[in-house]
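Peer 1: Handing you this structure, nothing more for now.
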Amino acid sequence: MFFFIVWFVCFIVFIVFATLFNKKHKVIGSLVSALAVSVLVQVLEQFYLTSIIVVAVILYFLIGNIHTFKNDQLKLMVAILFGTATVTLVLSFTYFNQNSTPSDPEIFRVMFIYYPLLIIFISCYTYMLLCLFNFKILQTSNPFLYIVNKIRGFRRMIRLFWIASRKGLSHLIQQDHAKLPHVIAEILDDMGGVFVKFGQVLSTQKEILPGHFIEAFSNLHDQVKPLSQEGLKKIIDSRIGNMNETYEAFEMQPLAAASIGQVHLARLKSTGAKVVVKILRPDVKQKMTVDLDLLIQFVSWLSERSSKIKRLGLIQLAVGFKNNLIEETDFDIEALNTNMLKRAFKEHGIPIRVPKVYSEYSTKQILTMEYIEGNRFTKEVTTDVSEMIMHAFLDQILMIGIFHADPHPGNIMLTTDGEVALIDFGSVGYLSDDERGGLLSFLVGYSNNDTKEMAHGLARVCEEGHLFDEDMMERRLSRLLSEASFSHDPTSVMMRRLMSLITEAGLSLKPTVAGAFRAIITLDGTLSSVNEAYSLSTASQSYASQINKGQLAKERLSKVKGKLEDYIPKLLELPILKDNRITIAREENHNLNDFIGTFTVGIFTVICMVVMLVSFFVQGEIMRFLLAPLSMSGFGVGMIILITSVIKQLKPKI
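Using the working numbering, read the sequence shown as starting at 31 and increasing by one per residue.
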């Protein structure tokens, strides 16, 4: 009877909280929470009824509103809940289960002095550990969704490797069999979703991947069932407003449907303008993130077992693909990208049309843009048009620093007015001034056959700049230029071989720079498909010849001058500059600081160990309730910190 009374009271409390917080599944959540609390109360005796209900209500409040907390707040609350639960359980199964009945003053001291003090100290220890290890689950906005995604990821991983083993992938990798790319393509197709989309992206990388890989991945098709009309109307009504009041006409049959979202043609009621409406699928970001992490694991697994696959740079492609796809699930980012490039094109006089964004009819899940009439980039075009487009992209990369990162044929249009238009700005790259300068140095050096300038440019765009051997890279680039010169299109060959050269040297391009190279290679494949006379070598050399080197030098000098004007006053304020003489200042010894910190933790750990050992021999109320548990906790935390410090010290310094 007592169990059901507790269950009923808890259910009423939880249903009230659920109603106040406007949470979904109120009844189910309240039933489960009430059942859990009732079981706890039954296990821990009636004495703890009040404290357990309070803790459970706090926990329920956290579950319902976890997305509003910051990382540190979440760690602190988890530490407090863990401390409360630990101390309550220990006291319940030790002190309150003893044969002799403690006196009332002793119970008073235990419950109102020792119990709260132990909770505080155990919570502090737990918080230290959470900060030390920085668990990923506590970095997420919703830890419970994180756990659900982990379970889903585990299930997907089992399915992936079951498919791989069924198709004999490991055996084919070891033999380097000709069927390998087709089997990989079949695995991607069976997994569906982002796996298929990644295969489609790979099929466009003609300058990086061998022909038999391109052929295998070209047959992949992402077959996705469109959203139902009811689901579509519900999304629009909840995000923008009543569908019938917003649109004069709305075509329910999508122009295109993919795993991320779908595109519809519509006409606005307010202006009568013909628009394109992009709608994101519900919960796609959470599901997609799980599969993207799994995709990177799969590609890494392939690269570890095959040196040939590793040289293809699939891991870098997969990481870039993940970053781009995550951005595509936030239409606020795409709207910003579109507006920024539209303005940049206008300021730099780039003759490429960009659609207008209707911000009043757009959200994170819905994007409304101007409809541009024309044809996708599949028809024959002139060499002038091809070179103009390539020059426009080089301007984006080298001059503007913002570039369309996915210029495949579906994202370039020839309008009915004869203009060239760009669409779909979900994937856009941003380059820093230093990265643009490095790329520009590389391009100018290539146009002048100056390997020293090329190597200098590469050093600025590689992640491991401090490990860069410019003399060695000059020799390799000189050999690469000689080999490429015998090809019908030297630039295409050079671009393809350059990636392998960087990987073989133990280096890697900065992610944004690698994205810029991929964009150029993708655009090169697009332009080659619509113009047989087009040549990347000719287009890049004509672009390099148009660059005003004097103006560039002037801009560089102006930037250096501006930095000096900014830094010199700050430099003169430093204490190392005295009496117009530069004196030697000793740098802080970080190793000494690390040693002092470790030594302090070591002393703390030894003290805790001594107190813990003493507690085994000296009996007393304070020793039993405070010093023994605290010394054991302190000893454990101290040992964990010391072991972590030793492991960090043993790691090789890069």
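We put the beta carbon where it would ideally sit given N, CA and C, even for glycine.
If I'm right that Leu371 touches Ile432 with Cβ under 8 Å, what's the distance once you round it to whole angstroms?
Peer 2: Here residue 371 refers to the residue found at position 341 when the sequence shown is read from its first residue. Here residue 432 refers to the residue found at position 402 when the sequence shown is read from its first residue. With a Cβ gap of about 6 Å, Leu371 and Ile432 count as contacting.
Peer 1: Assuming Ala279 is part of the beta strand (DSSP E), what are its boundary residues?
Peer 2: Stepping through the sequence shown from its first residue, residue 279 is reached at position 249. Segment 277-280, the beta strand (DSSP E) holding Ala279.
Peer 1: Would you kindly report the start and end of the unbroken alpha helix (DSSP H) that includes Glu400?
Peer 2: One-based indexing of the sequence shown puts residue 400 at position 370. No alpha helix (DSSP H) contains Glu400, which is instead part of the beta strand (DSSP E) from 396-400.
Peer 1: Span of the alpha helix (DSSP H) holding Thr445?
Peer 2: For the purposes of this step, residue 445 is taken as the residue at position 415 of the sequence shown. It is not in any alpha helix (DSSP H) - Thr445 instead sits in the beta strand (DSSP E) that spans 442-445.
Peer 1: When you compare the segment 401-415 with the segment 252-262, are there three or more beta-carbon pairs, one atom per stretch, that lie closer than 8 Å?
Peer 2: no
Peer 1: Along the chain, where does the alpha helix (DSSP H) that runs through Leu656 open and close?
Peer 2: Mapped onto the sequence shown, residue 656 falls at position 626. Here Leu656 belongs to no alpha helix (DSSP H), and DSSP marks it neither H nor E.
Peer 1: Measure the alpha-carbon distance for Ile58 versus Asp464 and round it to whole angstroms.
Peer 2: On the sequence shown, residue 58 is found 28 positions in, with the first residue counted as 1. On the sequence shown, residue 464 is found 434 positions in, with the first residue counted as 1. Going by the C-alpha atoms only, they are around 56 Å apart.
Peer 1: Identify whether Val384 lies in helix, strand or coil by the three-state DSSP scheme.
Peer 2: Numbered from its first residue, the sequence shown carries residue 384 at position 354. It is coil, neither helix nor strand.
Peer 1: Give me whichever residues DSSP pairs with Ile633 in a beta bridge.
Peer 2: Along the sequence shown, read from residue 1 onward, the residue named residue 633 stands at position 603. Paired residue(s): none; Ile633 is not in a bridge.
Peer 1: Figure out for me which residue from Gln576, Ala215, Tyr144, Thr630 has the closest Cα to the Cα of Ser248.
Peer 2: Along the sequence shown, read from residue 1 onward, the residue named residue 248 stands at position 218. The residue with the shortest Cα to Cα distance from Ser248 is Ala215.
Peer 1: When burial is assigned at 16 or more other CB atoms within 10 Å of the CB, is Phe138 buried or exposed?
Peer 2: Looking up residue 138 in the sequence shown gives position 108. Classification for Phe138: exposed.
Peer 1: Would you give the residue range spanned by the alpha helix (DSSP H) that Ala569 belongs to?
Peer 2: Stepping through the sequence shown from its first residue, residue 569 is reached at position 539. Element bounds for Ala569: 566-576.
Peer 1: Using DSSP bridges, identify the partner residues of Ala287.
Peer 2: Numbered from its first residue, the sequence shown carries residue 287 at position 257. According to DSSP, which records beta bridges pairwise, Ala287 is partnered with Gln292.
Peer 1: Measuring alpha carbon to alpha carbon, tell me which of Pro132, Ile671, Asn354 ends up nearest Met158.
Peer 2: Translated into positions along the sequence shown, residue 158 becomes position 128. Of the listed residues, the one whose Cα sits closest to Met158 is Ile671.
Peer 1: Whether or not the segment 137-157 and the segment 115-122 are in contact is what I'm after, with contact meaning three or more pairs of Cβ atoms, one per stretch, closer than 8 Å; do they touch?
Peer 2: yes
Peer 1: Flag this pair as yes or no: are the beta carbons of Thr521 and Tyr476 separated by less than 9 Å?
Peer 2: The count along the sequence shown starts at 1 and reaches residue 521 at position 491. The count along the sequence shown starts at 1 and reaches residue 476 at position 446. Closer than 9 Å, so yes.
Peer 1: Using the Cα positions of Leu344 and Val523, report the straight-line distance between them to the nearest angstrom.
Peer 2: Working through the sequence shown from its first residue, we reach residue 344 at position 314. Working through the sequence shown from its first residue, we reach residue 523 at position 493. Cα-Cα distance, rounded: 19 Å.
Peer 1: If I follow the unbroken alpha helix (DSSP H) through Gly223, where does it start and stop?
Peer 2: Here residue 223 corresponds to residue number 193 of the sequence shown, with the count starting at 1. Taken as a continuous stretch (DSSP letters only), Gly223 belongs to no alpha helix (DSSP H), as it is neither H nor E.
Peer 1: Quick check on DSSP: helix, strand or coil for Leu210?
Peer 2: Walking along the sequence shown from the start, residue 210 turns up at place 180. Helix at Leu210.
Peer 1: Quick check: is any heavy atom of the ligand ZN less than 8 Å from the C-beta of Ala489?
Peer 2: With respect to the ligand ZN, the structure shown offers nothing to examine, as it has no ligands at all.
Peer 1: Can the beta-carbon of Gln327 be found less than 9 Å from the beta-carbon of Arg311?
Peer 2: For the purposes of this step, residue 327 is taken as residue 297 along the sequence shown, with counting starting at 1. For the purposes of this step, residue 311 is taken as residue 281 along the sequence shown, with counting starting at 1. No. Outside cutoff.
Peer 1: With distance defined between alpha-carbon atoms, name the residue in Ile35, Ser60, Phe33, Phe38 nearest to Phe44.
Peer 2: Residue numbering aside, residue 44 sits at position 14 when the sequence shown is read from its first letter. The residue with the shortest Cα to Cα distance from Phe44 is Ser60.
Peer 1: Drop a sphere of 10 angstroms on the beta-carbon of Glu358, count the other beta-carbons inside from all chains shown, and report buried for 16 or more, exposed for fewer.
Peer 2: Taking the first residue of the sequence shown as 1, we reach residue 358 at position 328. Buried, by the Cβ-count rule.
Peer 1: Taking the alpha-carbon of Ser416 as reference, which of Phe375, Met399, Leu566, Arg182 has the nearest alpha-carbon?
Peer 2: As a first step, residue 416 is located in the sequence shown; it is residue number 386 there, counting from the start. It is Leu566.
Peer 1: Got a sec, what are the start and stop residues for the beta strand (DSSP E) Gly404 sits in?
Peer 2: As a working mapping, residue 404 is identified with position 374 in the sequence shown. Taken as a continuous stretch (DSSP letters only), the beta strand (DSSP E) holding Gly404 covers 404-406.
Peer 1: Nearest by alpha-carbon distance to Phe184: which of Glu278, Asp323, Phe174 is it?
Peer 2: Residue 184 sits at position 154 when you count from the first residue of the sequence shown. Nearest C-alpha to Phe184: Asp323.
Peer 1: For Leu24, which residues in the same chain have their Cβ closer than 7 Å to its Cβ, ignoring the five residues on either side in sequence?
Peer 2: Lying outside 31 to 684, the shown extent of the chain, residue 24 is not represented and no answer is given.
Peer 1: Are the CB atoms of Pro404 and Glu449 nearer to each other than 9 Å?
Peer 2: Taking the first residue of the sequence shown as 1, we reach residue 404 at position 374. Taking the first residue of the sequence shown as 1, we reach residue 449 at position 419. Note that residue 404 corresponds to Gly in the displayed sequence, not to Pro. Yes, these two residues count as a Cβ contact at 9 Å.
Peer 1: According to DSSP, is Ile143 part of a helix, a strand, or is it coil?
Peer 2: In the sequence shown, residue 143 corresponds to position 113, counting from 1. Of the three classes helix, strand and coil, the one that applies to Ile143 here is helix, per DSSP.
Peer 1: Counting C-beta neighbours from all protein chains within 10 Å, is the total for Met282 16 or more, i.e. buried, or is it exposed?
Peer 2: Position 252 of the sequence shown, counted from the first residue, corresponds to residue 282. With fewer than 16 Cβ atoms within 10 Å of its Cβ, Met282 is classed as exposed.
Peer 1: Using a Cβ-Cβ cutoff of less than 7 Å, which residues in the same chain neighbour Lys209 once the five nearest sequence positions on both sides are dropped?
Peer 2: As a working mapping, residue 209 is identified with position 179 in the sequence shown. Leu202, listed in sequence order.
Peer 1: Just the Cα atoms here: how many angstroms apart are Ile637 and Phe165?
Peer 2: Counting from 1 along the sequence shown, the entry for residue 637 is found at position 607. Counting from 1 along the sequence shown, the entry for residue 165 is found at position 135. In a straight line, the C-alpha of Ile637 is about 28 Å away from that of Phe165.
Peer 1: Mind checking whether Arg383 and Leu452 have CB atoms under 9 Å apart?
Peer 2: The residue labelled residue 383 in the question sits at position 353 within the sequence shown. The residue labelled residue 452 in the question sits at position 422 within the sequence shown. Yes, these two residues count as a Cβ contact at 9 Å.
Peer 1: Going by other Cβ atoms of all chains shown within 10 Å of its Cβ, with 16 needed for buried, is Ile301 buried or exposed?
Peer 2: Working through the sequence shown from its first residue, we reach residue 301 at position 271. Sequence inspection shows Thr at residue 301; the Ile mentioned does not correspond to that position. It counts as exposed.
Peer 1: Hey, would you say Ile217 sits closer than 9 Å to Leu239, going by beta carbons?
Peer 2: Within the sequence shown, residue 217 is the residue found at index 187, counting from 1. Within the sequence shown, residue 239 is the residue found at index 209, counting from 1. Against a cut-off of 9 Å, the Cβ pair of Leu239 and Ile217 comes out as no contact.
Peer 1: Between the beta-carbon of Ser457 and the beta-carbon of Asp436, is there less than 9 Å?
Peer 2: Along the sequence shown, one-based indexing puts residue 457 at 427. Along the sequence shown, one-based indexing puts residue 436 at 406. For Ser457 and Asp436, yes; Cβs fall inside 9 Å.
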